[in-house]
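Here the sequence shown is numbered in my numbering, starting from 19 and rising by one per residue. Each residue gets a CB set at the ideal place from its N, CA and C atoms; glycine is no exception.
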Amino acid sequence: MKKYKPYVKKYWYCFILGPFFMVLEACGEFILPYINANIINIGAANRDIPYIIKNGLLMLLIAGGMLLTGVLGAFFAIRGSARLSAGVRLDTFAKIQTFSFSNIDDFSTGSLITRITNDVTQIQNFAQTLLRGMFRSPVMIIGALVMSFYLNPSLAAVILIVVPLLALAIAGIILTASPRYGQMQKALDRLNNGIGETVTNERVIKSFVREEYEKKKFAEVNEKLVEKSTAALKMMLLIQPVSALVMNVTTLAVVWIAGGQIMAGSMELGTLSSFIIYLTQVLTALNFLANIVLQGTRAAASDRRISEVLNTEADINDKGARFADRGVERGSIELRNVSFRYFKKNKEKVLDSVSLTIEAGELVGIIGSTGSGKTTLVSMIPRLYDADEGEVLVDGMNVKDMSLRGLREGVAMVLQKNTLFSGTIAENLRWGDENAGDEEIREAAAIAMADGFIQSFPEGYETELGQGGVNLSGGQKQRICIARALLKRPKILILDDSTSAVDTATDASIRRAFREKLPKMTKIIIAQRINSVMDADKIIVLDEGRVAGCGSHGELMESCEAYREIYHSQKDGQEV
Ligand SMILES: Nc1ncnc2c1ncn2[C@@H]1O[C@H](COP(=O)(O)OP(=O)(O)OP(=O)(O)O)[C@@H](O)[C@H]1O
Ligand SMILES: [Mg+2]
Numbered sequence: 019m020k021k022y023k024p025y026v027k028k029y030w031y032c033f034i035l036g037p038f039f040m041v042l043e044a045c046g047e048f049i050l051p052y053i054n055a056n057i058i059n060i061g062a063a064n065r066d067i068p069y070i071i072k073n074g075l076l077m078l079l080i081a082g083g084m085l086l087t088g089v090l091g092a093f094f095a096i097r098g099s100a101r102l103s104a105g106v107r108l109d110t111f112a113k114i115q116t117f118s119f120s121n122i123d124d125f126s127t128g129s130l131i132t133r134i135t136n137d138v139t140q141i142q143n144f145a146q147t148l149l150r151g152m153f154r155s156p157v158m159i160i161g162a163l164v165m166s167f168y169l170n171p172s173l174a175a176v177i178l179i180v181v182p183l184l185a186l187a188i189a190g191i192i193l194t195a196s197p198r199y200g201q202m203q204k205a206l207d208r209l210n211n212g213i214g215e216t217v218t219n220e221r222v223i224k225s226f227v228r229e230e231y232e233k234k235k236f237a238e239v240n241e242k243l244v245e246k247s248t249a250a251l252k253m254m255l256l257i258q259p260v261s262a263l264v265m266n267v268t269t270l271a272v273v274w275i276a277g278g279q280i281m282a283g284s285m286e287l288g289t290l291s292s293f294i295i296y297l298t299q300v301l302t303a304l305n306f307l308a309n310i311v312l313q314g315t316r317a318a319a320s321d322r323r324i325s326e327v328l329n330t331e332a333d334i335n336d337k338g339a340r341f342a343d344r345g346v347e348r349g350s351i352e353l354r355n356v357s358f359r360y361f362k363k364n365k366e367k368v369l370d371s372v373s374l375t376i377e378a379g380e381l382v383g384i385i386g387s388t389g390s391g392k393t394t395l396v397s398m399i400p401r402l403y404d405a406d407e408g409e410v411l412v413d414g415m416n417v418k419d420m421s422l423r424g425l426r427e428g429v430a431m432v433l434q435k436n437t438l439f440s441g442t443i444a445e446n447l448r449w450g451d452e453n454a455g456d457e458e459i460r461e462a463a464a465i466a467m468a469d470g471f472i473q474s475f476p477e478g479y480e481t482e483l484g485q486g487g488v489n490l491s492g493g494q495k496q497r498i499c500i501a502r503a504l505l506k507r508p509k510i511l512i513l514d515d516s517t518s519a520v521d522t523a524t525d526a527s528i529r530r531a532f533r534e535k536l537p538k539m540t541k542i543i544i545a546q547r548i549n550s551v552m553d554a555d556k557i558i559v560l561d562e563g564r565v566a567g568c569g570s571h572g573e574l575m576e577s578c579e580a581y582r583e584i585y586h587s588q589k590d591g592q593e594v
């Protein structure tokens, strides 16, 4: 509940004025039938027209007041709840920004989206209902009861019997329904996960002609959601007819008893009509309370899910770092006996006692079969993941002891699955440095061999990119991603298979430019093609999470069996 406090405090007037005006409005609700009874019993019975007009005007005045207070009450309730949810949404979003890759893996993207949208909306709805009915409904019930006792105690006894019975029935319904709401929420999570994955990968799905399969998969999850929400809502729908039934039976009982009293002359007609209005008010207020409880149980589930996000400490942070003000200065790297698994319960290690050193300014190639752990290995350097065992050192310091921000500013990694954003090419490049001038942008693009093709576009650097950079070829996209990373002016640059879609000649030109223009930057190039790493100062060969060899091309050809295999499999193929 702590998370709501700042917003309740900040918008305190909404949380006070909302319920206050709603209670004021409720007071009108139970005064009106009383005046109404008087008009019938006194005014109409005595044909006292001035009395009727006077009281009629009074009723009009009260109704006007109720309209005003009702609108004000609703306004503050809406404002307060909207502000509250906006605040929580912002906090949740900010928290997600601090998450590490493994935090995100744990929650899954779909679930994070549901939490920040649907769950926060549940809280907002609940807060709004609460502000409107929290005091109003009890005041309505008590007020109507008091007034009906005042009008006719023996009739009021009927309400006293009925109200607890109905309350019990509603409580039963809610108790049965609320676990079903939990299941409905889970089904919604699965649906959102599915949508997220499918819609972002629509192109892949099309290219594999998997639309039918995806449709079927989605239909299944969709069906499950229908099933779960029907199960939950079915129970809730019972509240309406049960209340109506109680209402009608009670009215019948009231009319029955009142009929006898009226005929005996101990009760007047106006009293009966007002009495029925009070009865309706009590039952309506009871329904509203039931609604608060119901929304409350749903909101409690949502609250738990939001808290899970907010209470998750980002598992990678720089709390307790010994040199929290230090970033990367030179760019040398060392791994000492680093082991890592994604799932801690797995036996197989993805990295197994990896040790290596890279000097500042070196150009290092990493090669190895798919799944051998190349991406995982370089992810250790900017701490996208933390090693389970062993140490990762940058500039001789353990990365855990450095400022996380400083470390990540000093290391630019072009991810294997990289993405561009909608906006112009220049805007995308400025992700690397928002203050970069046109000249700097062109320079970085030139090193990445992107300047040429960008200039050939009619709009040049101002070319608008579609979402994810859809209007570029794979190789063009890769080169823009490299330029974007260069603009960060990192001390360490990591390219994870980032030139796989670039032709061999351009690929070689990029590496030449790296050597000539960026001699001080440490450059790590992961590649599948042996050509891309052959001329590196040092090549690291990975095999099933272990370093199978390390050295220059010549050395590895002599000493490393795994490297020779890769070499022959690629070169021999070319000669055929
Ligand atoms: N986020 C993740 N969660 C769980 N397992 C993962 C994750 N990423 C990779 N793995 C597993 O770790 C192993 C090494 O993967 P990694 O991505 O490091 O290989 P790679 O050498 O980069 O392969 P490729 O050449 O195909 O990119 C693989 O077996 C893979 O299934
Ligand atoms: Mg990889």
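Run of the alpha helix (DSSP H) containing Glu480, from where it starts to where it stops: Here residue 480 refers to the residue found at position 462 of the sequence shown. Glu480 -> no alpha helix (DSSP H), and no H or E assigned at all.
Which same chain residues end up closer than 6 Å to Glu593 when comparing Cβ atoms and leaving out the 5 residues on each side of it in sequence? On the sequence shown, residue 593 is found 575 positions in, with the first residue counted as 1. Its pLDDT being 49, under 50, Glu593 is placed unreliably by the model, and the measurement read from it follows with that caveat. Closer than 6 Å at the Cβ level, and outside the excluded window around Glu593, lies no residue.
Give the range of the beta strand (DSSP E) segment to which Arg354 is assigned. Along the sequence shown, one-based indexing puts residue 354 at 336. From DSSP, the beta strand (DSSP E) with Arg354 extends over Ile351 to Phe358.
Checking the sheet assignment: what are the DSSP bridge partners for Glu407? On the sequence shown, position 389 is the one that residue 407 refers to. Answer is Ser357.
Less than 6 Å between C-beta atoms, sequence neighbours within five positions excluded: which residues of the same chain meet that for Lys541? Counting from one through the sequence shown, the residue named residue 541 turns up at place 523. Excluding positions up to five away in sequence, the list reads Leu381, Leu511 and Phe532.
Can you check which of these residues, Ile58, Ser516, Met84 and Leu209, is closest to Asn7 by C-alpha distance? Absent from the model: residue 7. The displayed extent of the chain is 19 to 594, so no value can be given.
Quick one: Cα of Lys418 to Cα of Lys365, how far? Along the sequence shown, read from residue 1 onward, the residue named residue 418 stands at position 400. Along the sequence shown, read from residue 1 onward, the residue named residue 365 stands at position 347. Going by the C-alpha atoms only, they are around 25 Å apart.
Would a C-beta distance cut-off of 8 Å place Ala378 and Arg348 closer than the cut-off? Here the question's residue 378 lines up with position 360 in the sequence shown. Here the question's residue 348 lines up with position 330 in the sequence shown. For Ala378 and Arg348, yes; Cβs fall inside 8 Å.
Would the beta-carbon of Lys392 be found less than 7 Å away from any heavy atom of ligand 1? The count along the sequence shown starts at 1 and reaches residue 392 at position 374. The answer is yes for Lys392.
Would you check if the segment 467-486 and the segment 394-406 touch, i.e. whether three or more CB-CB distances between them fall below 8 Å? no
Under 7 Å: does the beta carbon of Gln496 sit that close to some heavy atom of ligand 2? Mapped onto the sequence shown, residue 496 falls at position 478. No; taking the cut-off as 7 Å, the Cβ of Gln496 has no heavy atom of ligand 2 nearer than that.
Please tell me whether Ala320 and Gln140 are closer than 8 Å, where the distance is taken between their beta carbons. Here residue 320 refers to the residue found at position 302 when the sequence shown is read from its first residue. Here residue 140 refers to the residue found at position 122 when the sequence shown is read from its first residue. The sequence given here has Ser at residue 320, not Ala. Yes, the Cβ-Cβ distance between Ser320 and Gln140 is below 8 Å.
What are the start and end residues of the alpha helix (DSSP H) that includes Ser129? In the sequence shown, residue 129 corresponds to position 111, counting from 1. Taken as a continuous stretch (DSSP letters only), the alpha helix (DSSP H) holding Ser129 covers Thr127 to Thr132.
Thr375 - containing beta strand (DSSP E), residue span: As a first step, residue 375 is located in the sequence shown; it is residue number 357 there, counting from the start. Residues Leu369 to Ile376.
With a threshold of 7 Å, establish whether the CB of Gln434 neighbours any heavy atom of ligand 2. As a working note, residue 434 is residue 416 in the sequence shown. At least one heavy atom of ligand 2 is nearer than 7 Å to the Cβ of Gln434, so yes.
Quick check on Met158: buried or exposed, where buried means 16 or more other Cβ atoms within 10 Å of its Cβ? For the purposes of this step, residue 158 is identified with residue 140 of the sequence shown, where counting begins at 1. Flag for Met158 reads buried.
Where Thr522 sits in the DSSP three-state scheme: As a working note, residue 522 is residue 504 in the sequence shown. Three-state result, Thr522: helix.
Identify the continuous alpha helix (DSSP H) that holds Met431 and give its terminal residues. In the sequence shown, the residue the question calls residue 431 occupies position 413. No alpha helix (DSSP H) contains Met431, which is instead part of the beta strand (DSSP E) from Val429 to Val432.
As a quick exercise: from Ala463, Ala519 and Ser518, pick the residue whose alpha carbon is nearest that of Arg507. In the sequence shown, the residue the question calls residue 507 occupies position 489. That would be Ala463, whose Cα lies nearest to the Cα of Arg507.
What does DSSP give as the partner residue(s) for Asn416 in the beta ladder? In the sequence shown, counting from the first residue as 1, residue 416 sits at position 398. Asn416 pairs with Leu411.
Are there 16 or more other CB atoms within 10 angstroms of the CB of Arg530, so buried, or fewer, so exposed? Within the sequence shown, residue 530 is the residue found at index 512, counting from 1. By the neighbour-count rule (16 or more Cβ atoms within 10 Å), Arg530 is not buried but exposed.
If you measure from the CB of Asp514, is any heavy atom of ligand 2 nearer than 7 Å? Along the sequence shown, one-based indexing puts residue 514 at 496. Indeed, a heavy atom of ligand 2 lies less than 7 Å from the Cβ.
Hey, how far is the Cα of Gln142 from the Cα of Ala318? Taking the sequence shown and counting its residues from 1, one reaches residue 142 at position 124. Taking the sequence shown and counting its residues from 1, one reaches residue 318 at position 300. Those two C-alpha atoms are separated by around 12 Å.
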